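Here the structure is laid out as structure tokens; the discussion comes afterwards.
In the UniProt record's numbering, the protein residues as written are 1 to 228.
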């Protein structure tokens with residue numbers, strides 16, 4: 001393996017790690033509501049939510065915006081990236097999930113700006129000026145290109161981070177043990193790899209009614225561990 005490939009691998013591992021300050025730990029992908037209402041308890045139930053709701057939503061929605069942001073970053077006008085960001089905002093129909101996406105994206109941007117990632121400070125400043133949204137997949141795609149990561153590698157890292165955050169949320173909610181969490185991530189490798197290898201959809205789309213409704217109900221809860 002070349003030195004460059006090793007550096008890219010280390011970069012991918014660092015930015016995908018749960019310890020990287022992205023704010024993703026504060027969101028449960030609807031699991032908190034589902035657990036509180038008794039719909040999710042134990043590894044099989046958590047796996048069903050990830051396999052039937054979270055994974056398809058990411059593959060049909062986040063993956064598209066990440067790839068598009070990666071494509072336009074650095075090769076098109078600066079406005080092209082912000083058009084992708086605006087399109088992501090328009091396609092986010094669940095307010096709490098849209099807010100989660102913006103908060104994760106903005107936290108990621110702030111971290112990268114402080115680390116000196118090329119383009120991160122400019123993107124952050126535009127959002128702070130009110131001329132952008134900073135959705136997570138858009139930020140992930142743009143910064144991955146700035147860091148020299150291929151679009152496919154960026155998608156792999158972002159998807160793993162999403163699944164890892166979901167499993168971590170389940171552990172903190174007490175519906176999944178730590179060892180079962182690792183078994184679940186192991187079991188999800190195949191479906192995740194198959195999804196990433198599938199052709200990119202022509203346009204972004206998602207149908208995840210269970211977690212969408214759970215996210216909307218979560219906003220009405222009086223006691224919450226997670227922001228969404």
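We put the CB at the ideal spot given by N, CA and C, even for glycine. The model shown is predicted, which means the values in this text are computed figures rather than measured ones.
Where does residue i sit, in a helix, a strand or coil, going by DSSP?
i           : result
residue 204 : coil
residue 167 : helix
residue 209 : helix
residue 78  : helix
residue 141 : helix
residue 54  : helix
residue 100 : helix
residue 154 : helix
residue 91  : helix
residue 107 : helix
residue 40  : coil
residue 112 : helix
residue 180 : helix
residue 160 : helix
residue 117 : coil
residue 61  : helix
residue 28  : coil
residue 22  : coil
residue 130 : coil
residue 1   : Caution applies to residue 1, whose pLDDT of 41 falls short of 50 and renders its modelled position unreliable; the model cannot decide the point.
residue 123 : helix
residue 195 : helix
residue 7   : helix
residue 16  : helix
Roughly how far, in whole angstroms, is the beta-carbon of residue i from the beta-carbon of residue j, given that I think they are within contact range, below 8 Å?
i           : j           : result
residue 117 : residue 149 : 11 Å between Cβ atoms; not a contact.
residue 129 : residue 120 : Contact flag wrong, Cβ pair sits at about 15 Å.
residue 210 : residue 35  : Contact flag wrong, Cβ pair sits at about 13 Å.
residue 15  : residue 157 : 6 Å
residue 155 : residue 63  : 6 Å
residue 141 : residue 67  : 6 Å
residue 21  : residue 111 : 5 Å
residue 216 : residue 94  : 6 Å
residue 153 : residue 8   : 7 Å
residue 122 : residue 82  : About 11 Å separates the two Cβ atoms, so there is no contact after all.
residue 147 : residue 58  : Residue 147 to residue 58, Cβ: 21 Å. No contact.
Can the beta-carbon of residue i be found closer than 7 Å to that of residue j?
i           : j           : result
residue 54  : residue 46  : no
residue 65  : residue 138 : yes
residue 229 : residue 145 : Since the displayed the chain opens at 1 and closes at 228, residue 229 lies outside it and no answer follows.
residue 184 : residue 43  : yes
residue 151 : residue 167 : no
residue 226 : residue 52  : no
residue 30  : residue 170 : no
residue 80  : residue 104 : no
residue 61  : residue 191 : no
How should residue i be labelled, buried or exposed, when 16 other C-beta atoms within 10 angstroms of its C-beta is the threshold for buried?
i           : result
residue 230 : Nothing can be reported for residue 230, as the shown portion of the chain is limited to 1 through 228.
residue 1   : Confidence at residue 1 is low in this model, with a pLDDT of 41, below 50, so the placement of that residue should be treated as unreliable; the coordinate-derived value is given next. Exposed, because fewer than 16 other Cβ atoms sit within 10 Å of the Cβ of residue 1.
residue 232 : Residue 232 lies beyond the residue range present for the chain, which begins at 1 and ends at 228; the question has no answer from this structure.
residue 175 : buried
residue 90  : exposed
residue 19  : exposed
residue 5   : exposed
residue 189 : exposed
residue 109 : buried
residue 13  : exposed
residue 178 : exposed
Quiz item: Taking three-plus beta-carbon pairs below 8 Å as touching, is the stretch 14–26 in contact with the stretch 94–106?
Solution: As far as the Cβ criterion goes, the stretch 14–26 touches the stretch 94–106, which means the pair count is three or higher.
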